[in-house]
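Numbering of the sequence shown is given in my numbering, commencing with residue 1357 and proceeding in unit increments.
From the three backbone atoms N, C-alpha and C, an ideal C-beta is built for every residue, glycine too.
Since the structure is predicted, the reported quantities are computational estimates derived from the model, not experimental observations.
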Amino acid sequence: METSYAFSMIPRDTPFRSWRMVSYKHLFHSLFHHQCMNVLDHVGIYVYNLEESIKFYEKLFDFTEHSRLNDHGIRIVHMDMGTALLQLKQSGTPGTPGHGKYNHFGVHTNDYDGLIEKLKAMNIDYWEMSLGPGRRLVNFSDPSGHDIEVCETPFK
1357 METSYAFSMI PRDTPFRSWR MVSYKHLFHS LFHHQCMNVL DHVGIYVYNL EESIKFYEKL
1417 FDFTEHSRLN DHGIRIVHMD MGTALLQLKQ SGTPGTPGHG KYNHFGVHTN DYDGLIEKLK
1477 AMNIDYWEMS LGPGRRLVNF SDPSGHDIEV CETPFK
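Laid out in structure tokens, this is it:
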């Protein structure tokens, strides 16, 4: 499955939370105006169960483990997504998430139907919407409740 990635870390209380189409170029210009932002390095999320989350991202998206570390009782695993890293963090108390927030991250796939089959096989609840011919997207959550959006074609 050929996959490329686009990410947004938009607080839920911003005007960008609506489903209206906003180009990523416009979005990043609005959010980071006058700042130098060259390349996305990673997206960090807190998880309830680190090992369960690793298996989830390996199985569904074929992400691979890049590195592990322990930072003062917080276990961290970086998952390689090809163009950036997904940083999974679990606090020293299993079952307790951290205090960070994020909106969602988006993944573009050229095998949308294959992904839907994987979601069904993994018994993951999801909902789909169409943005016109050849522009389907699906939304679902990982085991810790993080929102993930997969688009059939990239937003332009």
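Selected residue, minimal CA-CA separation from residue i, among the options
i, options, result
"Leu1416", "Pro1489, Glu1508, Ile1472 and Ile1432", "Ile1472"
"Phe1461", "Val1433, Arg1424, Leu1441 and Met1485", "Leu1441"
"His1398", "Tyr1413, Gly1488, Asn1479 and Leu1444", "Leu1444"
"Ile1504", "Asp1467, Thr1439, Asp1481 and Asp1436", "Asp1481"
"Arg1491", "Asp1467, Lys1474 and Asp1427", "Asp1467"
"Ile1410", "Asp1427, Lys1476 and Ile1432", "Ile1432"
"Asn1495", "Leu1475, Glu1408 and Gly1400", "Leu1475"
"Ile1430", "Trp1483, Ile1401 and Leu1487", "Ile1401"
Exposure of residue i, with buried meaning 16 or more beta-carbon neighbours within 10 Å
i, result
"Ser1498", "Note that residue 1498 corresponds to Asp in the displayed sequence, not to Ser. So Asp1498 ends up on the buried side."
"Gly1501", "exposed"
"Glu1508", "buried"
"Tyr1465", "This sequence places Thr at residue 1465; Tyr is not what is there. The residue in question, Thr1465, is buried, as its Cβ has 16 or more Cβ neighbours within 10 Å."
"Leu1493", "buried"
"Met1485", "exposed"
"Met1478", "exposed"
"Leu1406", "buried"
Proximity below 8 angstroms, CB of residue i to CB of residue j
i, j, result
"His1434", "Ser1447", "no"
"Val1403", "Val1463", "no"
"Phe1521", "Met1437", "Because the chain here runs from 1357 to 1512, residue 1521 falls outside it and cannot be looked at."
DSSP three-state assignment for residue i, whether helix, strand or coil
i, result
"Tyr1327", "Shown here, the chain extends from 1357 to 1512; a query on residue 1327 therefore has no answer."
"Glu1484", "strand"
"Glu1473", "helix"
"Phe1372", "Model confidence at Phe1372 stands at a pLDDT of 39, short of 50, so the residue's coordinates are unreliable; what they give is reported in the following sentence. Reduced to three states, the DSSP call for Phe1372 is helix."
"Gly1438", "coil"
Start-to-end residues for the alpha helix (DSSP H) that takes in residue i
i, result
"Tyr1413", "Leu1406 to Phe1417"
Where the beta strand (DSSP E) containing residue i begins and where it ends
i, result
"Asp1498", "Premise fails: Asp1498 is in no beta strand (DSSP E) and is neither H nor E."
"Glu1420", "Note on residue identity: the sequence assigns Thr, not Glu, to residue 1420. Note, Thr1420: beta strand (DSSP E), Thr1420 to Asp1427."
"His1398", "His1398 to Tyr1402"
"Arg1491", "Unbroken run through Arg1491: none, as it is neither H nor E."
"Glu1505", "Asp1503 to Cys1507"
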